[in-house]
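Residue numbers (our numbering), protein chains in the order written: chain G, 182 to 652; chain Y, 2 to 281. C-beta atoms are modelled at their ideal positions from N, C-alpha and C, and glycine is treated no differently. What you are looking at is a predicted structure, and each value in this text was computed from that prediction instead of being measured. Take a look at the structure below.
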Ligand SMILES: Cc1cc2nc3c(=O)[nH]c(=O)nc-3n(C[C@H](O)[C@H](O)[C@H](O)COP(=O)(O)OP(=O)(O)OC[C@H]3O[C@@H](n4cnc5c(N)ncnc54)[C@H](O)[C@@H]3O)c2cc1C
Ligand SMILES: Cc1cc2nc3c(=O)[nH]c(=O)nc-3n(C[C@H](O)[C@H](O)[C@H](O)COP(=O)(O)OP(=O)(O)OC[C@H]3O[C@@H](n4cnc5c(N)ncnc54)[C@H](O)[C@@H]3O)c2cc1C
Ligand code: SF4
Ligand code: SF4
Ligand code: FES
């Protein structure tokens, strides 16, 4: 049943298969997933495009070194159960990363085929195999080990915490995850919208963890309900993965007007509290025109959410140009297709209000790119006398997030850097023995896959620590 | 799930619920609150921990039914359960350990003031409480506060205690002798009036702010208030602040953000009608 292997030349002749997507006009009004997933026939062709390089550069581009040629080879041969086991061995949450990784600057950017033409669609294929695995759980059984008698506490149920929990439970440890919100998943459930990452996928991953014996306690705020030293006393090791949940403000006049949201608040109301549903208990404002300030994934998510909630006009205001936008290329593309306007080289100066304190506009200034700054990017500088007003009735600041001090302020022994992030060594160990940390609380706002990589590395280090400290 | 063990009606629209939450009951301190979500799909709303019984593992919530979420909560009966309770959140009250303190509670704010008065009395502080209500039946927790010290009751219509606003009684108290600190919790206009009263006297005044909240952990920024011109988050930096430095106008303004949604929800005769459809 294995199809004939193609020659490299034949493989090179295949062009990149296109991900089917919901029509832009239709999806503007719904929260269903935009990308529909490759059908199996196209996925098999796309997998055949992989040249099975001896030195697969794609793997170097992946922060967790997924063995890409191996799962693609198995996929191209139609050996899906093996492809799924191979992929899941390297990456615990491929249905998620396949959808949200910035592939164009990671695996796909390094793919040899990107040099001349288009890379192999690693992300789309990762999603394909992962979705197959979700539909066939019997093919990828949850592995468990005999109980070790050791207990590990994990703070936060985002990608870092979930990955560490899975790895540790697989080795037989008794793992409890503490989550501040009423629902586990971190940014995956409160930040990233349904149309990019269906919540059902996150729930399914969490169910798998529960099957593996992981206990998840929601509504427990570490730093308030318990402190880290208290956890340390009750558990053999602790992994802190509480994310970077502290919104940044623009620090311009008018930020307290009604109709100004942080992206965190806006997206949390819509995603976690389901305010998109007409019968939701939690309200969210429905503007006619929304301006979103920022250029990352968060900004795209907020803009496309506002579009779906009926805004007639949605504008993304960004200080630099499209080339510098940190968002995934696909999100920018999808946003454009959905009719989002881009005001580039545009910096906000003031939010204007009505006498009843509602937003009525955003006063901005035009920018130009000057000399490169410390980050190597050309610094935007204002053009004199170029002020203008965008009329709008909602402003969302999507300027990124910083380290939330709630937990760290109640645990003075944890060494922090000047930005408030927890300092760790290469194994994720903090300044406190037996206490590890990873994800956004260490890196500042980063990515899902980096957080997962941290979770995995910390789990390995915790494993070693548990062995060393065995009574 | 948090079982409701007792329910008492304190006034026509204020209900006391005792709810199982053992860890919170054990460690909570005066001034702290919880975020409560009644069930699947419900809003997350902040409520002060009015009291607790660590032995029974219960906390006391005193809830004024003002809108959909609070009405749904007080409709629960003993034996039923609240799905989610997170906490204790916020900073504990800044307490003095000796001297004279005045605690002022307006309406359901009395429930917020009660644990403060309790903690002060336990520390040996001389406590006087002034509590207000529309009329006799709206005055809550008077007996509980009497256990902490003197109580002056004020009613708008004079049907009980003294007639008039709590600020009038407070003025008299402040004239009568030394006062080391004032705690004032109630509707924004009341807190503002008390702060204006004590500012010229230089009496430290703590108020408890009640902006809209979502997560209660400092993540969303929705609860931002302006204190001394600085944006602070009531859920993590407060909820109690120096009343002389709070921008009450901003607080009052921001509380009205969803008024039209709330009114739409309240206007519908069917209790189960949901908000969310409306435009502002
Ligand atoms: C809107 C948005 C879109 C994004 N899009 C992408 C994308 O497309 N691709 C990508 O790779 N990355 C994206 N990111 C970034 C990515 O989501 C984060 O880097 C990643 O989620 C970090 O994972 P984490 O596990 O460190 O923390 P989080 O996902 O932030 O999870 C932390 C968890 O800890 C909980 N917590 C916090 N404090 C406490 C406490 N004191 N006690 C108990 N629990 C606590 C939080 O409630 C949360 O559930 C996006 C981020 C946002 C906000
Ligand atoms: C830290 C904190 C502690 C609190 N403690 C208590 C408590 O112990 N007991 C209690 O009954 N309430 C308390 N509140 C207020 C309570 O959270 C709100 O009354 C509740 O969220 C209203 O929800 P709802 O859906 O029932 O009403 P909604 O339909 O949301 O509102 C109905 C009416 O109440 C007003 N309102 C809404 N939210 C608030 C608010 N946060 N503060 C004041 N008015 C509001 C609206 O403007 C509207 O007029 C507290 C609030 C905070 C921030
Ligand atoms: S995890 Fe992300 S970077 Fe790695 S192979 Fe998958 S999509 Fe690419
Ligand atoms: S670099 Fe590209 S072609 Fe080579 S193995 Fe990786 S995915 Fe396949
Ligand atoms: S309630 Fe979200 S930051 Fe305070």
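Burial state of residue 360 (chain G) is buried, judged by a 10 Å Cβ sphere holding 16 or more other Cβ atoms. Less than 8 Å separates the beta-carbon of residue 403 (chain G) from that of residue 588 (chain G).
Between the C-alpha atoms of residue 250 (chain Y) and residue 231 (chain Y) there is a straight-line separation of about 14 Å. Burial check for residue 643 (chain G): the Cβ neighbour count within 10 Å reaches 16 or more, so the residue is buried. Residue G:281 holds the alpha-carbon nearest to the alpha-carbon of residue 304 (chain G) among G:319, G:544, G:281. When C-beta distances to chain Y are compared with 8 Å, the residues of the segment 423-435 of chain G below that value are 426, 427, 428, 430, in chain order. Along the segment 347-380 of chain G, the positions whose C-beta sits under 7 Å from a C-beta of chain Y are 361, 362, 363, read in chain order. If you ignore the 5 residues before and after residue 447 (chain G), its C-beta comes within less than 6 Å of the C-beta of 483, 577, all in its own chain and listed in chain order. In the displayed model, residue 126 (chain Y) falls within coil according to three-state DSSP, outside both helix and strand.
For residue 182 (chain Y), no alpha helix (DSSP H) segment is defined; the enclosing uninterrupted segment is the beta strand (DSSP E) at 182-186. Cβ atoms of residue 349 (chain G) and residue 333 (chain G) come within 8 Å of each other, at about 5 Å. In this structure, residue 278 (chain G) sits away from residue 616 (chain G), with a CB-CB distance that is not shorter than 8 Å.
In the three-state DSSP reduction, residue 344 (chain G) falls in the helix class (H, G or I). The beta carbon of residue 437 (chain G) falls within 8 Å of a beta carbon belonging to chain Y, placing the residue at that interface. Secondary structure of residue 202 (chain Y) (DSSP, three-state): coil. Contact annotation: residue 635 (chain G) and residue 213 (chain G) have beta-carbon atoms that are not nearer than 8 Å. Residue 380 (chain G) sits away from residue 540 (chain G), with the two beta carbons spaced by 8 Å or more. Residue contact check for residue 221 (chain Y) against chain G: a CB pair falls below 8 Å. Within the segment 568-597 of chain G, the complete alpha helix (DSSP H) runs of at least 4 residues fall at 586-589. Separation of residue 224 (chain G) and residue 301 (chain G) (C-alpha to C-alpha, rounded to the nearest whole angstrom) is 11 Å. Counting of Cβ neighbours within 10 angstroms places residue 9 (chain Y) among the exposed residues, the total staying below 16. Residue 160 (chain Y): not part of any alpha helix (DSSP H); DSSP gives it neither H nor E.
The contact set of residue 86 (chain Y) on chain G, defined by CB atoms closer than 9 Å, consists of 400 in chain order. Going by C-alpha positions, residue 568 (chain G) is about 47 Å away from residue 401 (chain G). In chain order, 182 place their CB closer than 6 Å to the CB of residue 205 (chain Y), counting only its own chain and leaving out the 5 sequence neighbours on each side. Rounded to the nearest whole angstrom, the CA to CA distance from residue 288 (chain G) to residue 264 (chain G) is 18 Å. No Cβ of chain G is located within less than 8 Å of the beta carbon of residue 231 (chain Y). One Cα belongs to residue 515 (chain G), the other to residue 299 (chain G), and the distance between them is close to 19 Å. In this structure residue 188 (chain Y) does not touch residue 91 (chain Y) by the C-beta definition: roughly 19 Å separates them, more than the 8 Å allowed.
Residue 290 (chain G) has no beta-bridge partner at all, per DSSP.
In the three-state scheme derived from DSSP, where H, G and I count as helix and E and B as strand, residue 323 (chain G) is classed as coil. In this chain, the alpha helix (DSSP H) harbouring residue 236 (chain Y) covers 235-238.
Remark: C-beta atoms of residue 124 (chain Y) and residue 96 (chain Y) approach each other more closely than 8 Å. For residue 256 (chain Y), the enclosing alpha helix (DSSP H) begins and ends at 249-256. In the DSSP assignment, residue 305 (chain G) forms no beta bridge with any residue. Residue environment analysis places residue 19 (chain Y) among the buried positions, since at least 16 neighbouring C-beta atoms fall within 10 angstroms of its C-beta.
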